[in-house]
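*Asks:*
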Amino acid sequence: AGYTRYTEKRLYGTSVIQPDYGASWGVRIDETFSLSGRELTALEISKANVTKNRHDLTAVREEYLLRNVAAAYYNALMARKSLEIADANLERLVKYRNAAEARLKIGEVTRTVLLRAEGELSGAKSDRLQAQNALELALAVLASNCGIRDPLTLRETASDQRDPPPLDVLQERAYSVRADLKSLEVQRQIAADQIKVTDGAFWPNLSLFGGYTGADQNPAPTSLNRESIYIGAALSFPFFEGGLRKAEVQEAKARERQAVLLYEDLKKAVEIEVRTAYLDLVTQKGTLQFLNDQFTFASDNYRAVTRQFEFGLSSSLDVLDANTLLVSAERRVASAVYNYRLALLRMKKATGTLLHNES
Numbered sequence: 002a003g004y005t006r007y008t009e010k011r012l013y014g015t016s017v018i019q020p021d022y023g024a025s026w027g028v029r030i031d032e033t034f035s036l037s038g039r040e041l042t043a044l045e046i047s048k049a050n051v052t053k054n055r056h057d058l059t060a061v062r063e064e065y066l067l068r069n070v071a072a073a074y075y076n077a078l079m080a081r082k083s084l085e086i087a088d089a090n091l092e093r094l095v096k097y098r099n100a101a102e103a104r105l106k107i108g109e110v111t112r113t114v115l116l117r118a119e120g121e122l123s124g125a126k127s128d129r130l131q132a133q134n135a136l137e138l139a140l141a142v143l144a145s146n147c148g149i150r151d152p153l154t155l156r157e158t159a160s161d162q163r164d165p166p167p168l169d170v171l172q173e174r175a176y177s178v179r180a181d182l183k184s185l186e187v188q189r190q191i192a193a194d195q196i197k198v199t200d201g202a203f204w205p206n207l208s209l210f211g212g213y214t215g216a217d218q219n220p221a222p223t224s225l226n227r228e229s230i231y232i233g234a235a236l237s238f239p240f241f242e243g244g245l246r247k248a249e250v251q252e253a254k255a256r257e258r259q260a261v262l263l264y265e266d267l268k269k270a271v272e273i274e275v276r277t278a279y280l281d282l283v284t285q286k287g288t289l290q291f292l293n294d295q296f297t298f299a300s301d302n303y304r305a306v307t308r309q310f311e312f313g314l315s316s317s318l319d320v321l322d323a324n325t326l327l328v329s330a331e332r333r334v335a336s337a338v339y340n341y342r343l344a345l346l347r348m349k350k351a352t353g354t355l356l357h358n359e360s
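Final position of the sequence shown in the working numbering is 360; the numbers increase by one with none missing.
(1) Write down every uninterrupted run of the beta strand (DSSP E) in the region 198-282 whose length is 3 residues or greater and which is fully enclosed by it, in chain order.
(2) What residues match up with V28 in a beta bridge as DSSP calls it?
(3) Give the single residue among A43, K126, A159 and S35 whose Cα lies nearest to the Cα of R342.
(4) Please identify the residue among Q172, I86, A101 and A175 whose C-alpha is closest to the C-alpha of Q133.
(5) According to DSSP, simplified to helix, strand and coil, what is R150?
(6) Use the C-beta contact count for Q285: other C-beta atoms within 10 angstroms, 16 or more gives buried, fewer gives exposed.
(7) Look at the alpha carbon of L346 and the alpha carbon of D281, and state the distance between them as a whole number of angstroms.
(8) With a CB to CB cut of under 8 Å and the five nearest residues on each side skipped, what residues in its chain are close to I46?
(9) Closer than 8 Å is the cut-off here; do at least three beta carbon pairs connect the region 307-314 with the region 249-261?
(10) Tell me, please, whether the region 171-181 touches the region 286-299 by the rule of three or more beta-carbon pairs shorter than 8 Å.
(11) How far does the alpha helix (DSSP H) with T5 in it extend, from its first residue to its last?
(12) Please say whether L78 and R98 have beta carbons closer to each other than 8 Å?
(13) If we ignore side chains and look at the alpha-carbon of each, how far apart do S360 and V328 end up?
(14) Measuring CB atoms only, is the region 159-169 touching the region 218-237, in the sense that at least three cross pairs come out at less than 8 Å?
(15) In terms of alpha-carbon separation, which member of G23, T5, K10 and Y7 lies closest to N226?
(16) Which of helix, strand or coil does DSSP assign to R179?
(17) Is Q19 helix, strand or coil when you go by DSSP?
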């Protein structure tokens, strides 16, 4: 739009040479698109990128939850269990020291038995202090990884004791559910669509335009066109581009091949990851069963040896050996329990169901 005002009007006969003022205004609309429809393909690529980013976010969340949250959680549970084991060991050694002291007073044992009991008790106190500090550190790490500032309380839930599905079922589930595989599958489709977009550059571009203009003068000449509306179309075709578009098409095809290879490579890696998680889960479950049996035997052995010690039928070394075996069995069972539960989560992560609610 424009407006011009003159100092005076000038006439030549009945013709206006210079009016008092003149004004003009107008609007024009232009739209250019390819006859190949590459703009619509680019829109689909943008939508696919949104989906891909959503899958990428899910994969990152699963990785973080397993490595930083779940691992820290079970480390804290293991530290708490270690403290409980240290407390129980300390309590047993206090009773043993008291029993050794009582038997020393009546002359049934020598002083070396009491000194050995005192030494074991001091070691147990040291172990408890280390377990207490380890628990505080594990809780601090867990709170930091979870973004918790307030004091937290650990709650332990029962683990799933069901046998896992067959390996081939788990692998097929991973192929259809895993977020990183879905992301690369979308990336592969994006690369294929990008070839269409690049190929579309060989097609001509159609430009459509339309406009409206208006004008006014005072005084107005008889030839003044006050309003006009127009539309038009133009077709442009790139006859020479120096081989640039061909090179871009070849580059797009190379990216598609790369996306396909990345997808197939990840699929093979997922197969191995699921197999590894499955075998680890089976191993941890079997190990836990054997260690539970060992713990039962160690508990029965300790009770029998301490009972014999009270009646003078076993030595102090037998009691200490039985207690050491019991403490070792308790720690190994606790470690196996949490390793098994972590193996369950690794299996869910490997199959892509870590964030899914499963019945």
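Even for Gly, the Cβ is constructed at its ideal location relative to N, Cα and C.
*Replies:* Per the coordinate set shown:
(1) 206-219 and 228-237
(2) Y213
(3) A159
(4) I86
(5) coil
(6) buried
(7) 11 Å
(8) I191, D194, Q195 and V198
(9) no
(10) no
(11) Taken as a continuous stretch (DSSP letters only), T5 belongs to no alpha helix (DSSP H), being part of the beta strand (DSSP E) at G3 to R6.
(12) no
(13) Bear in mind that a pLDDT of 39 at S360, under 50, signals an unreliable position, so the model cannot answer this.
(14) no
(15) G23
(16) coil
(17) strand
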